[in-house]
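In the numbering used here, the protein residues as written are 213 to 699. Backbone N, C-alpha and C define an ideal beta-carbon position, used for all residues, glycine too. These notes concern the structure reproduced below.
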Amino acid sequence: MSDVIVIGGGLAGLASSVALAQAGVTVTLLESRPRLGGRASSFEDAATGELIDNCQHVAMGCCTNFRHFCRATGIEASFRSERELFFVAPPTLELSVRPRICRFSAMPLPAPLHLAAAFLRLSYLSWQEKLALARGLKALARERSDATRGKNFADWLAEQRQPTNVIERFWWVVLVSALSESLDRVSVAAAQKVFVDGFLANRHGWEVWLPTVPLDELYSGQLTQWLTSHGVEVRLKSGVERLVLENDRVTAVELRNGERLSAQQFVLAVPQHRVRSFLPDEWHNKPPFDRLDQLETAPIASVHLWFDRPITQLPHAVLVGRLSQWMFNRSKVPSETDLTQSSEPGTRNYFQIIISNAREVAKRPQAEVIAEVVAELKAIWPEAALAELRHSRMIVEHTAVFSPLPGSEDLRPAQQSPIANLQLAGDWTQTGWPATMEGAVRSGFLAAENVARSFGRETRMLQPDLPVSWLNRWWMGRVRLSATAGE
């Protein structure tokens with residue numbers, strides 16, 4: 213019998229398992245599917261035979277716990293850091309004019325000055341609009357949470373008199389990509405988290421981290437090997453039917469095949485809308501379980517495109533003012549099958565387009581969406597205009613993330629549930645972060661800390677945030693940041 217049973221092999225469950233294994237606790241990890249990774253997973257495309265990610269997953273430099281998780285398990289080598297972003301200017305009325313591509317990178321200056329030149333290079337904003345943006349960022353950094361409680365970010369921007377162009381070409385672009393919600397459905401606190409931690413607090417916080425291999429290779433391959441080598445029993449295709457409770461404690465889990473497994477402690481790392489299905493009926497209407505269904509979710513769509521030739525050498529691009537929001541060049545991500553004949557050995561001409569806040573997109577015919585996306589790419593890059601589309605598919609994750617609505621923080625439960633030996637883990641729990649890989653890992657570490665404490669092991673597993681620059685501490689004055697002091 214293991215000390216702990218972790219239910220769910222997504223990032224939260226994986227983080228709990230890793231942290232507990234490092235603390236010397238024996239763990240059994242149960243996953244209903246044949247692969248680990250949860251939403252961060254891959255599947256085989258039937259037409260090409262390729263293993264492709266359901267959606268491009270991105271971390272940032274400010275994701276200290278996710279990066280620690282990757283270092284601890286040896287998968288960090290399968291990520292690359294992007295220290296330059298490429299913003300494609302909005303389309304103009306002159307269709308024959310190719311949009312300008314603005315390079316966004318840091319200078320060797322302390323935060324928040326490190327990105328000053330990057331903002332100035334956004335050529336599709338006027339000088340007046342750039343000044344308004346600077347004022348807005350400073351106001352957001354100084355905003356106090358008690359003054360914005362219950363307020364949505366669209367209203368806050370209106371109060372700050374942010375110009376329409378700045379809202380549509382900057383605030384909307386960044387926040388919808390990060391949170392997958394429209395600005396009127398985003399709390400000021402969530403927006404503050406993205407911009408302060410991601411752009412302002414530390415000069416490395418904004419850097420983008422991308423996997424260089426399919427997610428399945430990371431989690432079902434490399435990470436599974438790490439877990440088993442550290443004593444974790446990983447059981448795939450082991451769906452849990454229910455938790456068995458006696459005297460308000462979990463005594464066992466019952467699998468769908470009728471098998472029962474016992475442990476001293478349990479971590480339930482599943483999506484919030486599934487939690488109550490594991491519990492006896494008498495617990496369904498008790499807090500915090502009774503309010504989990506009130507956490508709304510948002511969809512993300514990904515459009516996968518294979519061309520007969522490269523359409524751009526850029527590794528990625530932020531597409532401003534279009535249906536397409538991000539382009540990721542996945543051509544050099546290893547794959548067993550090479551669909552195109554014109555590509556160099558070991559490469560594919562494969563590109564993934566991300567559309568967050570995809571409620572309306574999900575209602576449209578997929579062929580129509582794909583055609584619009586391809587037309588946008590052809591209008592940006594001359595190579596795309598000459599390329600032949602060989603294969604395409606569109607995937608919609610209807611419950612990709614929880615929506616950071618004003619008031620949603622009050623619905624997020626702590627990791628310690630009312631059941632003494634049951635922890636909750638998932639990016640939807642109280643982590644201080646929106647729905648991200650960082651939030652998922654934080655929840656797993658926090659749940660693992662509680663479990664370790666129950667065994668008499670006071671182990672700090674949650675990692676500190678990036679330090680705040682000395683200039684930021686002066687610039688923001690009395691504002692309390694999530695990051696720790698120091699340089």
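Legend entry - 6 Å CB neighbourhood of Ala664 in its chain, flanking five on each side removed: Ala235, Thr671
Legend entry - Helix, strand or coil at Arg283 [DSSP, three-state]: helix
Inset, instruction - Grab the span of the alpha helix (DSSP H) containing Asn662 for me, first residue to last. - result: 649–666 is the extent of the alpha helix (DSSP H) around Asn662.
Inset, instruction - Would you decide whether Arg381 is buried or exposed? Buried here means 16 or more other CB atoms lie within 10 Å of its CB. - result: By the neighbour-count rule (16 or more Cβ atoms within 10 Å), Arg381 is buried.
Legend entry - Sequence-distant residues of its chain with Cβ nearer than 6 Å to Gln476 (five each side left out): Correct list, in chain order: Asp215.
Inset, instruction - Count the CB pairs spanning the stretch 276–296 and the stretch 395–407 that are closer than 8 Å, and state whether there are at least three. - result: They do not touch, by the three-pair rule.
Inset, instruction - Measure the alpha-carbon distance for Glu584 versus Arg534 and round it to whole angstroms. - result: 10 Å
Legend entry - Three-state secondary structure (DSSP) of Glu262: Reduced to three states, the DSSP call for Glu262 is coil.
Inset, instruction - Please list, in chain order, all residues of the same chain as Phe181 whose beta carbon is under 6 Å from its beta carbon, the five residues on each side excluded. - result: Within the shown structure, residues of the chain are numbered from 213 to 699, placing residue 181 beyond reach of any answer.
Inset, instruction - Write down every uninterrupted run of the alpha helix (DSSP H) in the stretch 483–554 whose length is 4 residues or greater and which is fully enclosed by it, in chain order. - result: none
Inset, instruction - Look at the alpha carbon of Val708 and the alpha carbon of Asn459, and state the distance between them as a whole number of angstroms. - result: Examination of residue 708 is not possible in this model, given that the chain is present from 213 through 699 alone.
Legend entry - Exposed unless 16 or more other CB atoms sit within 10 angstroms - verdict on Thr240: buried
Legend entry - DSSP three-state assignment for Ser694, whether helix, strand or coil: Unreliable positioning characterises Ser694 in this predicted model, as indicated by a pLDDT of 46, which lies under 50. The coordinate reading is nonetheless provided below. Coil, per DSSP.
Inset, instruction - Closer than 7 Å by C-beta to Lys590: which residues in its own chain qualify, once you throw out the five before and the five after it? Chain order, please. - result: Ala596, Ala597
Inset, instruction - Spatial neighbours of Gly443 within its chain, please: CB distance less than 8 Å, with the 5 preceding and 5 following residues excluded, ordered by chain position. - result: Ala233, Thr238, Val239
Legend entry - Proximity below 8 Å, CB of Glu466 to CB of Phe614: no
Legend entry - Entirely enclosed beta strand (DSSP E) segments - the stretch 295–379, minimum 3 residues: 296–300, 313–317
Inset, instruction - Would you decide whether Ala695 is buried or exposed? Buried here means 16 or more other CB atoms lie within 10 Å of its CB. - result: Here Ala695 scores only 43 on pLDDT, less than 50, and its place in the model should not be relied on; the value that follows carries that caveat. Buried, since its Cβ has 16 or more Cβ neighbours within 10 Å.
Legend entry - Meets three-Cβ-pair contact criterion under 8 Å: the stretch 339–355 and the stretch 366–376: yes
Legend entry - Boundaries (first-last residue) of the beta strand (DSSP E) holding Val230: Here Val230 belongs to no beta strand (DSSP E); instead the alpha helix (DSSP H) covers 223–234.
Legend entry - Neighbourhood of Val378 by C-beta, 6 Å cutoff - its chain only, sequence neighbours within 5 removed: In its chain, beyond the 5 residues on either side, Glu341, Ala344, Leu345 have a beta carbon closer than 6 Å to the beta carbon of Val378.
Inset, instruction - Pick out whichever of Leu455, Pro483, Val482, Ala481 has its Cα sitting closest to the Cα of Gly470. - result: Leu455
Legend entry - N-terminal and C-terminal residue of the alpha helix (DSSP H) that Gln564 is part of: Here Gln564 belongs to no alpha helix (DSSP H); instead the beta strand (DSSP E) covers 562–568.
Inset, instruction - Tell me where the alpha helix (DSSP H) around Thr440 begins and ends. - result: Its alpha helix (DSSP H) spans residues 435–441.
Legend entry - the stretch 511–518 contacting the stretch 617–633, beta-carbon criterion three pairs below 8 Å: no
Inset, instruction - Let me know the secondary structure DSSP gives Ile219 once reduced to three states. - result: strand
Legend entry - Proximity below 8 Å, CB of Pro462 to CB of Asn633: Note on identity: in this sequence residue 462 is Val, with Pro being the wrong assignment. Yes, the pair counts as a contact, with Cβ atoms nearer than the cut-off.
Legend entry - Closest by C-alpha distance to Asp428, when choosing among Ser399, Leu223, Asn662: Leu223
Inset, instruction - Please go through the same chain and pick out, in chain order, the residues whose beta-carbon is closer than 6 Å to the beta-carbon of Ser629, but skip the five residues on each side of it. - result: Leu636
Inset, instruction - Give the secondary structure of Leu395 by DSSP, where H, G and I count as helix, E and B as strand, and everything else as coil. - result: Leu395 falls in the helix class under three-state DSSP.
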